[in-house]
Amino acid sequence: MHGTKFTDRDRLTDMLLLTNSLAGGYHSAALESATPKLRAALAELHAEELKDAETLFNAMEERGWYRPEPAGPPNMR
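For the sequence shown, my numbering begins at 1201 and goes up steadily by one.
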């Protein structure tokens, strides 16, 4: 990335995107796992990613870098 500054905002955004992707992968794998032991292990990894995502989200929101739209009738499903 010659000439491009990778900011703290960029780092947190990248980490949040990765964490969300990992959580989705663990979720899908847990749903399709063949054994209870594997399902439990994947569910634990999924829960850890959810905690990490919350931490990253809060850090970004505190800095004004992440402002989700309020949920209203058009945005609720």
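Glycine is no exception: its CB is placed at the ideal position from the N, C-alpha and C atoms. Source: prediction; values computed, not measured.
- In its chain, beyond the 5 residues on either side, Leu1216, Tyr1266 have a beta carbon closer than 8 Å to the beta carbon of Phe1257.
- Lys1251 and Gly1264 have their C-alpha atoms some 20 Å from each other.
- Per DSSP, Tyr1226 is one residue of the alpha helix (DSSP H) stretching across 1208 to 1231.
- Straight through space, the alpha carbons of Pro1273 and Leu1231 are spaced by roughly 30 Å.
- Comparing C-alpha distances from Leu1245 to each of Lys1205, Ala1223, Ala1259 shows the shortest one belongs to Ala1223.
- Rounded to the nearest angstrom, the Cβ distance from Thr1219 to Glu1249 is 5 Å, consistent with a contact under 8 Å.
- Non-local beta-carbon contacts of His1227 in its own chain, meaning distances under 7 Å to residues more than five positions away in sequence, involve His1246 in chain order.
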